[in-house]
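Residue numbers (the numbering used here), protein chains in the order written: chain A, 1 to 262; chain B, 1 to 355; chain C, 1 to 570.
Beta carbons are placed, not taken as given, at the ideal position from N, Cα and C, and that holds for glycine.
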Amino acid sequence: MSAESATLPVGTIVHGHGAESSHGSHHGSGHGHDPNVAHQFDDAAQQHESVLLGMWSFLATEVLFFGGLFCAYLVYRTTSPLAFTLASQHLNVILGAVNTGVLLVSSLFIALAVRESQLGNGKRVNLYLLGTILLGAVFLLIKGYEWTTDYHEGLIPFAKNFQIPEHNLDEMAHNATPAGRFKLFWVLYFFMTGLHGIHVIIGLVMFGIVMYVVKKRTQTGKSYSNLVEVTGLYWHFVDIVWVFLYPLMYLIHPITGGGGHH
Amino acid sequence: MWNFRLFPEQASSFAGRYDFTFWFEVAICLFFTFFVSLITVVLAIRYRRGSKVNRVHPPTHSTILELVWSGVPFVILMAMFAVSAVLFVEQYSSPADAAVIDVVGKQWMWKAQHSAGKKEINELHVPLGQATRLHMISQDVIHSFFIPAFRVKQDVLPGRYTELWFRPTKVGRFRIFCTEYCGTDHSAMGGYVEVLSPADYERWLESGTTGVTQIEEGKKLFTQYHCAGCHNENATVRAPRLEGVYGKPVPIQHGEQVEFVKADDRYIRDSILLPKSQVVAGYQPLMPSYEGQINEEDLLKITAYIKSLALKSEALPTYVPEYDVDKDMPGARGSEAEYDVDKGLKPGREAGEKK
Amino acid sequence: MSTHVHSSSTAHSVAPNSSSDEPLNYLTNGHTVKSWLLTLDHKRIALLYLAGVVFFFLVGGVMASVIRMELMTPGGDVLYSPDAYNRVFTVHGVVMIFFFLVPSVPGVLGNFLLPLMIGARDLAFPKLNLLSWYIYIFGGVSALLIVLLGGIDTGWTFYAPFSTTFSNSLVVPAAIAVFITGFSSILTGLNFVVTTHTMRAPGMTWGRLPLFVWAIYATSLIMVLGTPVLAVAIALIGVERAFGVGIFDPALGGDPILFQHLFWFYSHPAVYIMLLPGMGVINEIIPCFARRPIFGYKAMAGAMLGIAVLGFVVWGHHMFVSGQSMYAGLVFSFLTFFVAVPSGIKVFNWTSTMYKGSVNFDTPMLYAIAFIGLFTIGGVTGLMLASLGVDVHLHDTYFVVAHFHYVMVGGTVTAFLGGMHFWWPKMTGRMYPEIWGKLSAIVVFIGFNLTFFPQFLLGYLGMPRRYYEYPGEFQVLNVLSSAGASILAFGFLMPIVYFALSLKFSPKAGPNPWRATGLEWETSSPPPTENFASTPVITTEPYNYSPEDSERAPWDPFGSTTPEEVAHVG
Ligand code: HEA
Ligand code: HEA
Ligand code: CUA
Ligand SMILES: [Cu+2]
Numbered sequence: 001m002s003a004e005s006a007t008l009p010v011g012t013i014v015h016g017h018g019a020e021s022s023h024g025s026h027h028g029s030g031h032g033h034d035p036n037v038a039h040q041f042d043d044a045a046q047q048h049e050s051v052l053l054g055m056w057s058f059l060a061t062e063v064l065f066f067g068g069l070f071c072a073y074l075v076y077r078t079t080s081p082l083a084f085t086l087a088s089q090h091l092n093v094i095l096g097a098v099n100t101g102v103l104l105v106s107s108l109f110i111a112l113a114v115r116e117s118q119l120g121n122g123k124r125v126n127l128y129l130l131g132t133i134l135l136g137a138v139f140l141l142i143k144g145y146e147w148t149t150d151y152h153e154g155l156i157p158f159a160k161n162f163q164i165p166e167h168n169l170d171e172m173a174h175n176a177t178p179a180g181r182f183k184l185f186w187v188l189y190f191f192m193t194g195l196h197g198i199h200v201i202i203g204l205v206m207f208g209i210v211m212y213v214v215k216k217r218t219q220t221g222k223s224y225s226n227l228v229e230v231t232g233l234y235w236h237f238v239d240i241v242w243v244f245l246y247p248l249m250y251l252i253h254p255i256t257g258g259g260g261h262h
Numbered sequence: 001m002w003n004f005r006l007f008p009e010q011a012s013s014f015a016g017r018y019d020f021t022f023w024f025e026v027a028i029c030l031f032f033t034f035f036v037s038l039i040t041v042v043l044a045i046r047y048r049r050g051s052k053v054n055r056v057h058p059p060t061h062s063t064i065l066e067l068v069w070s071g072v073p074f075v076i077l078m079a080m081f082a083v084s085a086v087l088f089v090e091q092y093s094s095p096a097d098a099a100v101i102d103v104v105g106k107q108w109m110w111k112a113q114h115s116a117g118k119k120e121i122n123e124l125h126v127p128l129g130q131a132t133r134l135h136m137i138s139q140d141v142i143h144s145f146f147i148p149a150f151r152v153k154q155d156v157l158p159g160r161y162t163e164l165w166f167r168p169t170k171v172g173r174f175r176i177f178c179t180e181y182c183g184t185d186h187s188a189m190g191g192y193v194e195v196l197s198p199a200d201y202e203r204w205l206e207s208g209t210t211g212v213t214q215i216e217e218g219k220k221l222f223t224q225y226h227c228a229g230c231h232n233e234n235a236t237v238r239a240p241r242l243e244g245v246y247g248k249p250v251p252i253q254h255g256e257q258v259e260f261v262k263a264d265d266r267y268i269r270d271s272i273l274l275p276k277s278q279v280v281a282g283y284q285p286l287m288p289s290y291e292g293q294i295n296e297e298d299l300l301k302i303t304a305y306i307k308s309l310a311l312k313s314e315a316l317p318t319y320v321p322e323y324d325v326d327k328d329m330p331g332a333r334g335s336e337a338e339y340d341v342d343k344g345l346k347p348g349r350e351a352g353e354k355k
Numbered sequence: 001m002s003t004h005v006h007s008s009s010t011a012h013s014v015a016p017n018s019s020s021d022e023p024l025n026y027l028t029n030g031h032t033v034k035s036w037l038l039t040l041d042h043k044r045i046a047l048l049y050l051a052g053v054v055f056f057f058l059v060g061g062v063m064a065s066v067i068r069m070e071l072m073t074p075g076g077d078v079l080y081s082p083d084a085y086n087r088v089f090t091v092h093g094v095v096m097i098f099f100f101l102v103p104s105v106p107g108v109l110g111n112f113l114l115p116l117m118i119g120a121r122d123l124a125f126p127k128l129n130l131l132s133w134y135i136y137i138f139g140g141v142s143a144l145l146i147v148l149l150g151g152i153d154t155g156w157t158f159y160a161p162f163s164t165t166f167s168n169s170l171v172v173p174a175a176i177a178v179f180i181t182g183f184s185s186i187l188t189g190l191n192f193v194v195t196t197h198t199m200r201a202p203g204m205t206w207g208r209l210p211l212f213v214w215a216i217y218a219t220s221l222i223m224v225l226g227t228p229v230l231a232v233a234i235a236l237i238g239v240e241r242a243f244g245v246g247i248f249d250p251a252l253g254g255d256p257i258l259f260q261h262l263f264w265f266y267s268h269p270a271v272y273i274m275l276l277p278g279m280g281v282i283n284e285i286i287p288c289f290a291r292r293p294i295f296g297y298k299a300m301a302g303a304m305l306g307i308a309v310l311g312f313v314v315w316g317h318h319m320f321v322s323g324q325s326m327y328a329g330l331v332f333s334f335l336t337f338f339v340a341v342p343s344g345i346k347v348f349n350w351t352s353t354m355y356k357g358s359v360n361f362d363t364p365m366l367y368a369i370a371f372i373g374l375f376t377i378g379g380v381t382g383l384m385l386a387s388l389g390v391d392v393h394l395h396d397t398y399f400v401v402a403h404f405h406y407v408m409v410g411g412t413v414t415a416f417l418g419g420m421h422f423w424w425p426k427m428t429g430r431m432y433p434e435i436w437g438k439l440s441a442i443v444v445f446i447g448f449n450l451t452f453f454p455q456f457l458l459g460y461l462g463m464p465r466r467y468y469e470y471p472g473e474f475q476v477l478n479v480l481s482s483a484g485a486s487i488l489a490f491g492f493l494m495p496i497v498y499f500a501l502s503l504k505f506s507p508k509a510g511p512n513p514w515r516a517t518g519l520e521w522e523t524s525s526p527p528p529t530e531n532f533a534s535t536p537v538i539t540t541e542p543y544n545y546s547p548e549d550s551e552r553a554p555w556d557p558f559g560s561t562t563p564e565e566v567a568h569v570g
């Protein structure tokens, strides 16, 4: 039937109703159709491919989104390296490193969760997901702590108490750097880590939902591995963004002779 | 309403060359437009339904043809690029003998300062035949300085000098427009260039002024803003003397290293507004910032003064008429005189009437 | 993810009092408002987009009419205030670009046709598709609210520092509205990319894809990769304005040129987001009405990908006199000329497609022919703007305004109208009145040229754009332009009216009134919700037309023969 329909002379009417029954192999009308596959897809493989490609395309968008910000960062960092160095020295390198570790471990958990989901081991999937959520929460707590300290030090450019520390001002003055760039560093820092933070929160909410779905579907025997896999991809991306953010924000090499203050 | 024209006036040394390039490109464009339209219409009509023509085996592709109609346009395109790039590079390279006029754009007016001290708003008087370079900056948003009859245009940016040059070839009044959208009165931000014969220009420069040149004004401001207190001979603060600074490389302390930076207009401007951004080697960063205290016009005057300190012995690159207009260039005084780029001034229509 | 409700209702429910025994199609399958607003059917979503883009086109069109009225006379005597004028052209540009032209062809025709053309039941992500529409409408409605609350006066280009520091209008809300709408584009593009990759029916190889699909695919790549950069630029404008940090404003230590780079990095590729789908439409119309295979299929597909890729490296041609370095100008100009090569291939191949064809001059074809001419004029004048020294005089004058209306209105809007006529029978099951169709094509063509050709002259004479008042010597040409605009407005209103009336009064269209090839014509008109009774298998090359056979068969799409008869003489 299907083979003929395409080779019929142009203009042949292919009526869509009445004739077919629920046995139509490709047609997604309820019975016969794999309950794990949404109606627009023919089979699980097609669905799997689409979902993954969809996530990859989304991540491509994200790369360009963060890419634009990294560009702005690089432009201003190369034009005023000192301001960026000085500002960066107010960040807590240790906490940043801990956070990098936390995210890397969470990525590992996710990788394990994906594997377990392919094996159909729902309980373990949820265990790893729970682990990821906890680690994500730890990440956010640490970040929150850092931001609070920044606030008390008057480093949040959106807050009223923002003030460039006196010794930084002097140092920039001695070294040919417009002080506005110090503020700009903090704008970019909060904009980018904030955006990253939002991504983390979205990820955690997603994992909560995934846990629920996994639990439900383990009971009904439906498949959930696609879901775990795409959310996992997303999480790896969030992780990678941080892997770029950490060195760019925290690990700016102190310039010679400038002398750090910490 | 009915005084309209189909071609813009040509009043600078670019205009003729510009129009040549423009029409050259128009010719290419017209050719392709007519060619494409013609083929489309001819083929459509010839092969219209029902006409008796051969329709056997319509070709589905032809690599040769496709190469032809990629290759031929490509060559033409490169020609378009080349001719227009040459024009562009020329518009960027102002001749060394160009006279400089400072222009400040602000919402919504153009202010010009001539080195002789004359200032004007929304008008720009320039001498016929003299290469003139506008040294421009904006006090607020981006503007763009456009003289259609000269075929020149350049955006005028805040915080940064940009330049534009031309050589007027026709006496008369020509419109200036602001062509970068800049807010409410963008469309009212215009005026006229007034091209005068060199003699008239000379007379104009002298008329109605106090006789104070831009440099002298700059000198006054230099004292007024207390620059002199530090930078003059018997100052208590150790500050560099500014004589001979302009145009020379200046040693700048960069952390441990010393780098040399050419002291151009931008450097002078930054030294005044952001003195800490470039501290001269061997000095303390004592100079206060004047950001927000000196406006762009005064900055230009002070810069002119600092420049003059450097150039005292050398020739000033400003407009200095060295010839006797009446003797060397008969007819130049008439309002219709024209300047031929190759041959110099030639008598205008009123030349004969001159006594 | 599962959407079973949807398809099972199709298969099992028989509308109780359906007027005839006709099978349900996507239009009759559910009549409630909810069945429209919560639909996951790509064809219904396409119609939702149609409603949206027509609405915004009228809004933008009303603004255009105000502009043209104001410019009838040199003085400011219609709006009485330059600020009002500045708001009007800004809204005109923003609405026409972000809320009309970018979503027009992809949102309406792309949504409707992509699954049909590749033999799929729907897009890969139907819910995402609906979400895109809601985001679009949300962004558009916010934009209109902003207009009502005071508007924005920065021009559609949002140049800093005017937008960040000096403008007194609602820049931040407008930036947010554009930002949000960007996500609609991104999600649509993503959906199309995935659908094209994974949802093709058996036998629908890449080499057999209709060129419209290639066009949509190339467009989608730009949407996915370009739009986020605009989002960043706009977001930074918002940050700078809201918190007074120097990112772009030099008074605060920023760099205004950086904004222009970020903006054009998106907005130049965006002009190809607007153009390529239009080209896709023309690719379908011309072979069908010339009754022969398209000339140079591979070159046509490759050219569109080439345009999409090259589109990413030429953005600096908007900034020749901005104060970027002379060398940057040289490089960007040089690269820009390369875009003309694939564009030229497209134009020449279209014309060649008429050679040895059997050309019918129905409305879609008239629009397609108009497209070729107008796009060529728009394109070659684009090249004059790409020419460095020549652009110095023409930049920011009416020459630029004329250029981009030629490509956007003469090009894409014309293609969109042609496509609407071509697929109207498929979308609604009704023909449109052909006489009126031809008339509209002619009126639009005349009105368009009368409106925008004088603007080339104005630009060469030096009239700057975004001018509320202008010197008297420019008046004659402006009056011509305004006169043309009223003819053009009439031309655009005509199809809106007769399309609407055709729903009730026009004869029914068969499944394939044009006897076109292409999978979308193999299902009934309007198509059933699930598109095809069973997944089609493709065994032939696209554009499998034969001019000789067509000569022998009667050409009668408008129905003196019944659809069945037409089907059998094909
Ligand atoms: C659909 C939208 C669209 C399209 C398709 C294009 C296509 C092109 N545009 Fe245009 N453009 C705009 C929309 C568009 N543009 C807009 C909106 C602006 C103004 C933005 C603003 O400032 O508000 C603008 C502005 C603009 C500028 C900046 C002008 C200025 O501000 O000073 C330039 C400069 O290079 C330019 C160039 C081009 C070129 C080279 C093409 C090419 O792609 C054209 C290629 C096509 C052809 C060349 C025709 C067919 C080819 C042949 C028949 C082959 C043979 C031809 C020859 C050898 C001559 N455009
Ligand atoms: C897709 C994009 C698109 C489209 C379709 C149009 C369509 C039109 N544009 Fe537009 N235009 C732009 C994009 C577009 N424009 C952009 C991006 C700018 C730059 C903005 C900027 O500088 O920032 C611009 C700027 C611009 C200017 C320059 C303004 C200036 O610089 O000062 C002018 C002037 O003539 C103009 C005219 C027109 C006209 C006459 C039409 C006509 O084609 C419109 C015809 C349609 C109609 C007239 C609608 C028909 C309906 C009615 C008239 C009434 C019915 C109403 C109801 C029922 C409610 N446009
Ligand atoms: Cu100044 Cu426009
Ligand atoms: Cu462009």
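Exercise for the section: Find the residues of chain C that neighbour A/L169, judging by a C-beta separation of less than 9 Å, and give them in chain order. Expected result: None at all; the shortest Cβ gap to chain C is about 14 Å.
Exercise for the section: State the beta-bridge partners of C/T397 as determined by DSSP. Expected result: C/T397 is bridged to C/P464.
Exercise for the section: Pick out whichever of A/E229, A/I202, A/V200 has its Cα sitting closest to the Cα of A/V214. Expected result: Nearest C-alpha to A/V214: A/E229.
Exercise for the section: With a threshold of 16 other CB atoms inside 10 Å of the CB of C/D77, please say whether the residue is buried or exposed. Expected result: C/D77 counts as exposed, since fewer than 16 other C-beta atoms from the protein chains shown sit within 10 angstroms of its C-beta.
Practice task
Answer yes or no: does any C-beta atom of chain C fall closer than 9 Å to that of A/E229?
Solution key: A/E229 does not count as touching chain C.
Handout entry: Buried versus exposed, by CB contacts within 10 Å (16 or more), B/V212
Key = Burial is judged here by how many other beta carbons sit within 10 angstroms of a residue's own beta carbon; B/V212 has fewer than 16 and is exposed.
Practice task
Examine chain B for any beta-carbon lying closer than 9 Å to the beta-carbon of C/F312, and answer yes or no.
Solution key: No - not a single Cβ of chain B is within 9 Å of the one on C/F312.
Exercise for the section: Tell me whether C/H268 counts as near ligand 5, meaning its Cβ is closer than 8 Å to at least one heavy atom of that ligand. Expected result: This structure lacks ligand 5; the ligands present are ligand 1, ligand 2, ligand 3 and ligand 4.
Problem - Buried versus exposed, by CB contacts within 10 Å (16 or more), A/D170 - result: Exposed is the call here.
Practice task
Leaving out five residues on either side along the sequence, give the residues of the same chain with a beta carbon under 7 Å from the beta carbon of B/R241.
Solution key: Excluding sequence positions up to five before and after B/R241, its CB lies within less than 7 Å of the CB of H231, all in the same chain and listed in chain order.
Practice task
Taking only runs that begin and end inside the stretch 191–242 of chain B, name each unbroken alpha helix (DSSP H) of 4 or more residues, in chain order.
Solution key: Scanning the stretch 191–242 of chain B for uninterrupted alpha helix (DSSP H) segments of 4 residues or longer gives 198–206, 214–224, 227–231, listed from N- to C-terminal end.
Handout entry: Sequence-distant residues of its chain with Cβ nearer than 8 Å to C/V102 (five each side left out)
Key = Counting only residues of its own chain and dropping the five nearest sequence neighbours on each side, C/V102 has a CB closer than 8 Å to the CB of S185, A270, I273, M274.
Exercise for the section: With B/E123 as the anchor, note down where its beta strand (DSSP E) starts and where it stops. Expected result: It spans 123–127 - the beta strand (DSSP E) in which B/E123 sits, taken as one unbroken run.
Handout entry: Residues that C/G246 contacts on chain A, provided the C-beta gap is smaller than 7 Å
Key = At a C-beta separation below 7 Å, C/G246 has these neighbours in chain A: G180, L184.
Handout entry: Which of helix, strand or coil DSSP assigns to C/R552
Key = Here C/R552 sits in helix by DSSP.
Handout entry: Own chain partners of A/V102 with C-beta closer than 7 Å, once the 5 adjacent residues on each side are dropped
Key = Sequence-distant partners of A/V102 (beyond 5 residues in either direction) whose C-beta falls short of 7 Å from its own C-beta, in its chain, are L135, V138, F139.
Practice task
Put B/C29 into one of helix, strand or coil per three-state DSSP.
Solution key: Note: B/C29 maps to helix in three-state DSSP.
Practice task
State the Cα-Cα distance for the pair C/S440 and C/M69, rounded to the nearest angstrom.
Solution key: Annotation: C/S440 to C/M69 spans about 23 Å, alpha carbon to alpha carbon.
Exercise for the section: May I ask you to check if the CB of B/C227 is nearer than 8 Å to at least one heavy atom of ligand 1? Expected result: Ligand 1 never approaches B/C227 closely enough for any of its heavy atoms to be under 8 Å from the residue's Cβ.
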